[in-house]
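Colleague: I have a structure I would like to understand better, so I am pasting it below and will then ask my questions one at a time.
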Amino acid sequence: GDWRDVIHDPSIDAVHVCTPNDAHFPIAKAALEAGKHVLCEKPLAMSVAEAKALTDLAAAKKLRNGLCHNLRYYPMVQQMRSMREAGAFGEILVVQGTYSQDWMLYETDWNWRVDPSVSGPSRVMADIGSHFFDMAEHVTGLRVSSVCSDLQIFWPTRKRPKSGGETFSGKAGGETVDTKIVTEDFGATLFRMGKARGAMTASQVSAGRKNGLVLEIYGTKGGATWRQETPEELWLGHRDAPNQLLMKDPSLLEKHAASFADYPGGHAEGYPDTHKQLYRRFYASISDPALTPDYPQFADGLRQMKILEAELASHKARAWMDIPTS
1455 GDWRDVIHDP
1465 SIDAVHVCTP
1475 NDAHFPIAKA
1485 ALEAGKHVLC
1495 EKPLAMSVAE
1505 AKALTDLAAA
1515 KKLRNGLCHN
1525 LRYYPMVQQM
1535 RSMREAGAFG
1545 EILVVQGTYS
1555 QDWMLYETDW
1565 NWRVDPSVSG
1575 PSRVMADIGS
1585 HFFDMAEHVT
1595 GLRVSSVCSD
1605 LQIFWPTRKR
1615 PKSGGETFSG
1625 KAGGETVDTK
1635 IVTEDFGATL
1645 FRMGKARGAM
1655 TASQVSAGRK
1665 NGLVLEIYGT
1675 KGGATWRQET
1685 PEELWLGHRD
1695 APNQLLMKDP
1705 SLLEKHAASF
1715 ADYPGGHAEG
1725 YPDTHKQLYR
1735 RFYASISDPA
1745 LTPDYPQFAD
1755 GLRQMKILEA
1765 ELASHKARAW
1775 MDIPTS
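Using the numbering used here, the final residue of the sequence shown is 1780, and nothing's skipped along the way.
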């Protein structure tokens, strides 16, 4: 069927936009205009202008709008946030980490995300760097105010398969066409969050790393590290006491964080569960208009687009760039 049939079906209340990036804006816009609540994959749109238009339209229509930054919903990420809110780490001084993958390591690797007409002007920073920044701001409660970025294309030409390509497939072979690449394979960003300072890298050419998202925060009282490839663990660092490794167990977590853990300790909560937690909150807010949304919204997607465009501008100018506040 056609997506327009879904949007204009009176029996449907909410629409999930899970398409390649270039279709996010037109589908989300049409859905909002048809009176549907919308949950959109990230990035929200192809530009700040498009993201702002969607944010303003959702507000004008008074419709629920969500963004699929689902990775913040791992229980131990929420535990890190709850501990920070309780003052366990003191004043945050340093925020750092990476999101490393390897699925674009070879010259023969190809996917629609390589095509800027479909994915937008950025690949690595838009696709996975945005997850890092969403999580960093969510956990610390701080906002990125400025960035200094260096982006690198390691394969200026890739061999596009005439038959198309599959993400994460590792498959090669068949007839190819040499195709110029204009979006980055790797990016590094220094950033400021008020007094705190940070550094992050994002890569799709890091051999052996499949989804190596790492977030580290360090404050005046202690620090914490969380890794997506071992999501049930939270490392806690101390200056004058033994370091700790906290395993996910609802009975040991802060009350708010425990609400994101549906299984007992020793039963793993993984990537699909982060989607479940996001959708649960999104649909609860549709069912009860009095609820305050506790999930990423279009305004968060607009903010991520502002960070992304600042990173691209920083790389081009070889200079620090401020994140627009309006």
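Using N, Cα and C, we set each Cβ at its ideal position, and we do this for glycine too.
#1: Please list the terminal residues of the continuous alpha helix (DSSP H) segment that includes PHE1752.
#2: Can you tell me the Cβ-Cβ gap for LYS1702 and GLY1719, rounded? I've got them flagged as a contact below 8 Å.
#3: Please determine if the stretch 1532 to 1548 and the stretch 1468 to 1484 are in contact, where contact requires at least 3 C-beta pairs separated by less than 8 Å.
#4: Kindly indicate the opening and closing residues of the alpha helix (DSSP H) around HIS1729.
#5: Identify every residue that forms a DSSP beta bridge with CYS1494.
#6: Over what stretch of residues does the alpha helix (DSSP H) that includes TRP1557 continue unbroken?
#7: Quick check on the burial criterion: 16 or more other C-beta atoms within 10 angstroms. Buried or exposed for GLN1606?
#8: Where does PHE1442 fall in DSSP's three states?
#9: Can you tell which of ASP1604, TRP1566, ILE1740, GLY1628 has the C-alpha that lies nearest to the C-alpha of PRO1615?
#10: With DSSP collapsed to three states, give me the class of GLU1708.
#11: Under 8 Å Cβ to Cβ from ASP1632, same chain only, skipping five residues before and after it: list those, please.
#12: So GLY1848 and MET1654 are in contact, right, with Cβ under 8 Å, and what is the actual spacing, rounded?
#13: I'd like the span of the beta strand (DSSP E) that includes GLU1545, first residue to last.
#14: Tell me the DSSP bridge mates of TYR1528?
#15: Thinking C-alpha only, which one of LEU1559, ALA1661, PHE1586 is nearest ASN1782?
#16: Candidates ASP1694, SER1705, ASP1604, GLU1591: which alpha carbon is nearest GLN1758's?
#17: Using 8 Å as the threshold, is the stretch 1570 to 1580 in touch with the stretch 1671 to 1678, meaning 3 or more CB pairs across them?
#18: Please report the distance separating the alpha-carbon of LEU1745 from that of MET1537.
#19: I need the straight-line Cα distance from HIS1491 to LEU1707, nearest angstrom please.
#20: If we require 3 or more residues per run, which beta strand (DSSP E) segments fall completely within the stretch 1593 to 1671?
#21: From ARG1693 to VAL1668, what distance separates their C-alpha atoms?
#22: How would you label ALA1540, buried or exposed, when you count the other beta carbons within 10 angstroms and need 16 or more for buried?
#23: In this structure, does DSSP put ASP1510 in helix, strand or coil?
#24: Taking contact to mean 3 or more Cβ pairs, one atom from each stretch, closer than 8 Å, check whether the stretch 1709 to 1717 and the stretch 1513 to 1533 are in contact.
#25: Under the three-state reduction of DSSP, which class applies to GLU1687: helix, strand or coil?
#26: Report yes if the CB atom of LEU1517 is closer than 9 Å to the CB atom of LEU1498, and no otherwise.
#27: Cβ of TRP1557 within 9 Å of Cβ of LYS1664?
#28: Have a look at PRO1685, HIS1710, PRO1464 and flag the residue whose alpha-carbon is nearest the alpha-carbon of GLU1723.
#29: Just checking: is the beta-carbon of ALA1715 within a distance shorter than 9 Å of some beta-carbon in chain C?
#30: Closest by CA to PRO1778, which one among ALA1771, ARG1772, LYS1770, GLU1765?
#31: Considering just the uninterrupted stretch of the beta strand (DSSP E) at ARG1681, what are its terminal residues?
#32: For the beta strand (DSSP E) that LEU1745 lies in, which residues bound it at each end?
#33: I need the straight-line Cα distance from MET1775 to PHE1645, nearest angstrom please.
Modeller: According to the data block:
#1: 1752 to 1771
#2: 6 Å
#3: no
#4: 1725 to 1741
#5: VAL1471, LEU1521
#6: From DSSP, TRP1557 is part of no alpha helix (DSSP H); its letter is neither H nor E.
#7: exposed
#8: The structure shown does not extend to residue 1442, since the chain is modelled only from 1455 to 1780, so the question has no answer here.
#9: GLY1628
#10: coil
#11: THR1611, ARG1612, LYS1613, ARG1614
#12: The chain is shown only over 1455 to 1780; residue 1848 falls outside these bounds and no answer can be derived.
#13: Note, GLU1545: premise wrong, no beta strand (DSSP E); not H, not E.
#14: Beta-bridge pairing links TYR1528 to no other residue.
#15: It is not possible to answer for residue 1782, since the shown part of the chain is limited to 1455 through 1780.
#16: GLU1591
#17: no
#18: 24 Å
#19: 33 Å
#20: 1600 to 1606, 1611 to 1615, 1630 to 1634, 1640 to 1647, 1650 to 1657
#21: 21 Å
#22: exposed
#23: helix
#24: yes
#25: strand
#26: no
#27: yes
#28: PRO1685
#29: Protein chain content of the structure displayed is limited to a single chain, and chain C is not contained in it.
#30: GLU1765
#31: 1677 to 1681
#32: Run containing LEU1745: none; DSSP gives neither H nor E here.
#33: 9 Å
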